[in-house]
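Remarks on the structure that follows.
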Ligand SMILES: Cc1ncc(COP(=O)(O)O)c(C=O)c1O
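Protein chains in written order, with the numbering used here: chain D, 44 to 458; chain R, 5 to 271.
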């Protein structure tokens, strides 16, 4: 925390609003490290985003879709049983109730609408857990766009249900068999497609990653989460929360719920990365907690890499967190101390997954269960101090997609 | 010799440049040196030696596969510079992705290029907007040119900006897409070269992406100063590894290089 408070707060606050700078940088992070072929497309995209995002009609159209199609606002649910058990007030921001089962649709509706306004007919997207792929297929269907999704063969195996859903929704799923066969390689393949078809194709990135302006656009389209949360928690509790927790893969659900609280210094913002089998094993997805600076997928950020700069394979049993990079703005906020970064292992996460299912009747996505784990630990720690503790967990998605995987891990036998 | 002098020398001989690309360490570090020797014997003017990256977003399947194999066989930046230093009798250019330059340190990377006799550096994910730190170091050392790419989608404004700082040669990307051998060369080349020449007349232009046949080279060399052939060499190596003996593979690479080189002679 400390380094954040060293700065003159007013200046920091002004900077918060003006980030990224005109080069797409968040401090040292971000930028546009893209092949030459794409540079003009990125410029065009930035211009289109600036124009439409401030346009009243565009906003109205997007809000209508968010309300009537996606089911927003999502509720802020007071998890009474969980709260009683662990001695804190724990609220869940129910992004699992968004149509499709995750926060991803907030972004895909925004970007597909933008694509449509730009006159693009074909959408491509990468997906890890399949949630962004499903959300892309839905948004493309409702807005009448053609959709192709790149997905690693390893993830196709892990998330079969979502592959079938995408196909039902009219999207084509292209298997990616290179590299680690997961999200990172699906992004590589999407970029190659975009380089080839840039003139008629819109690349719909699913998180706050990639070259500028993607981290900015995706954050803006996900900000609705924090925006609603702020009003809802004030209505419910008459004050802001002590802590907001979100899981971090690329960082879109985290940036989405954090952003409108950045200037509220008393609200602690916590991002939970995947510690996989444990940070010490090297098998994890914790790019901020255990990574170093470098360039991947068009951005300067924190990455998992070897000493020469070759990207390492990440690992998490939650496919949406199985990525060796992270959004540049989150890397910046972690450095500045405004966001605290922690991690949770597969094992810890699985326990939280079961607890939430049994206590609240809500099966969380494995990704989101990482954040639930932290909330429980935080509640337990503060309960000893006997202070009132108000925690909001961003429940980024529901766990239907994960039940086969969990069944396998639990050996077909729920404890 | 600086790259621009090399182009000048070729011009005096009424030739254009044949630039051949191979992935260093594919199939092995020693193998690359033998392959490079064969290409030199066949008459390659500039050897573009790829330092493989785990996530080559600008490359098609052929170079992706070669990169993966090379990394599996132990290639890394240290080994790369040893391999490069061992190749003689040809001008050398390094092609790699920005993260590998960053992790070695910009200053060290350029110093190592200089020691290994590498005269140019192509970084496909480093557009002119992000190039300032590396460009400054290249300028100070004045041995290794930072080679910029220009594509059919490059706007006039960015083209002017690129040509303002470009040195060595400009890598003209002939099509929208990734690297990989293609049956026909793109007809986007001529208008693109014309657009570049309207801005700057005196920097060598080398055309790459998709070039694989002597007649492609000949067509390209009618309007440009050089042709870059990459994936087609990798494919020859792939084929050689599957079937023939090493000696016959090297002979074939030499012959293929010679056939391409013939297309660069304008008389
Ligand atoms: C439910 C859910 N939560 C979180 C994530 C991680 O992405 P991000 O960090 O961008 O929110 C994913 C990604 O697929 C997801 O499906």
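The C-beta atom is built at its ideal place from N, Cα and C for all residues, glycine as well.
Same chain, Cβ closer than 6 Å to residue 41 (chain R), neighbours up to 5 away in sequence not counted | Taking C-beta separations shorter than 6 Å and ignoring five residues to either side along the sequence, residue 41 (chain R) has no partners in its chain.
Which residues in the same chain have their Cβ closer than 8 Å to the Cβ of residue 164 (chain R), if we skip the five residues on either side of it in sequence?
-> These residues qualify, in order along the chain: 203.
Relative to chain D, which residues along the segment 166-189 of chain R have a C-beta separation below 8 Å, given in chain order?
-> 177, 180, 181 and 182
Interface residues of chain R around residue 76 (chain D) at Cβ under 7 Å?
-> 102, 129, 130 and 134
Starting from residue 252 (chain R), trace the alpha helix (DSSP H) both ways and give me its first and last residue.
-> Counted as a single uninterrupted DSSP element, the alpha helix (DSSP H) harbouring residue 252 (chain R) occupies residues 250-266.
List, in order along the chain, the chain D residues whose C-beta lies closer than 7 Å to that of residue 201 (chain R)?
-> Those do not exist, as residue 201 (chain R) stays about 18 Å from chain D at its closest Cβ, beyond 7 Å.
Measure the C-alpha to C-alpha separation of residue 384 (chain D) and residue 118 (chain D) and round it to an integer number of angstroms.
-> 26 Å
Cβ pair count under 8 Å reaching 3, the segment 176-195 of chain R against the segment 208-218 of chain R | The segment 176-195 of chain R vs the segment 208-218 of chain R: in contact.
Host beta strand (DSSP E) of residue 278 (chain D) (start-end) = Segment 267-280 is the alpha helix (DSSP H) holding residue 278 (chain D); no beta strand (DSSP E) there.
Helix, strand or coil: how does DSSP classify residue 383 (chain D) here?
-> strand
If you drop the 5 nearest sequence neighbours on each side, which residues of the same chain put their C-beta closer than 7 Å to that of residue 298 (chain D)?
-> Result list for residue 298 (chain D): 251, 262, 265, 370, 372 and 373, in chain order.
What are the residues of the segment 138-163 of chain R that lie near chain D, defined by any Cβ-Cβ distance shorter than 7 Å?
-> 153, 154, 155, 157, 158, 159 and 162
With burial defined as no fewer than 16 other Cβ atoms inside 10 Å of the residue's Cβ, what is the status of residue 57 (chain D): buried or exposed?
-> Per-residue confidence for residue 57 (chain D) stands at a pLDDT of 41, beneath the threshold of 50, marking its modelled position as unreliable; no derived number is given.
Is the Cβ of residue 231 (chain D) closer than 7 Å to any Cβ of chain R?
-> yes
Does DSSP put residue 208 (chain D) in a helix, in a strand, or in coil?
-> helix
Have a look at residue 392 (chain D) and residue 165 (chain D) and give me their C-alpha separation to the nearest angstrom.
-> 37 Å
Mind listing which residues of the segment 59-93 of chain R have their C-beta closer than 7 Å to chain D's C-betas, in chain order?
-> 59, 61, 62, 68, 75, 80 and 81
Along the chain, where does the alpha helix (DSSP H) that runs through residue 402 (chain D) open and close?
-> 389-403
Are the beta-carbon atoms belonging to residue 407 (chain D) and residue 453 (chain D) less than 7 Å from one another?
-> no
Just to check, is the beta-carbon of residue 363 (chain D) closer than 6 Å to a non-hydrogen atom of ligand 1?
-> yes
Using three-state DSSP, classify residue 242 (chain D) as helix, strand or coil.
-> coil
Reduced DSSP secondary structure (H/G/I, E/B, other) of residue 114 (chain R) | Correct three-state label for residue 114 (chain R): helix.
Answer with buried or exposed for residue 211 (chain D), where buried requires no fewer than 16 other C-beta atoms within 10 angstroms of its C-beta.
-> exposed
How close, in whole Å, do the beta carbons of residue 359 (chain D) and residue 395 (chain D) come, if the pair is a contact with beta carbons under 8 Å?
-> 14 Å between Cβ atoms; not a contact.
Starting from residue 99 (chain R), find everything on chain D with Cβ-Cβ shorter than 7 Å and list it in chain order.
-> Going along chain D, no residue has its Cβ under 7 Å from residue 99 (chain R), so there is no contact; the nearest lies around 13 Å.
Beta-carbon separation (whole angstroms), residue 153 (chain R) vs residue 175 (chain R), contact threshold 8 Å | 4 Å
For residue 291 (chain D), is the beta carbon positioned less than 6 Å from some heavy atom of ligand 1?
-> yes
Would you check if there are 3 or more beta carbon pairs closer than 8 Å linking the segment 187-194 of chain D to the segment 216-227 of chain D?
-> yes
Residue 327 (chain D) touches chain R at which residues, Cβ-Cβ below 7 Å?
-> Within chain R, no residue comes near residue 327 (chain D); the closest Cβ sits about 17 Å away, beyond 7 Å.
Where does residue 432 (chain D) sit, in a helix, a strand or coil, going by DSSP?
-> coil
Taking 7 Å as the CB-CB limit, is residue 106 (chain R) close to chain D?
-> yes
Beta-carbon contacts of residue 260 (chain D) that lie in its chain and below 6 Å, excluding the five residues immediately before and after | 92
Within 7 Å (strictly less), CB to CB, does residue 351 (chain D) reach chain R?
-> yes
How would you call residue 43 (chain R), buried or exposed, if buried means at least 16 neighbouring beta carbons within 10 angstroms?
-> buried
Chain A beta carbons: is any one of them nearer than 7 Å to that of residue 166 (chain D)?
-> The question asks about chain A, but that chain is absent: this structure's protein chains are D and R.
Quick one: give me the first and last residue of the alpha helix (DSSP H) that residue 217 (chain D) is part of.
-> Where residue 217 (chain D) is concerned, there is no enclosing alpha helix (DSSP H), although the beta strand (DSSP E) it sits in stretches over 215-219.
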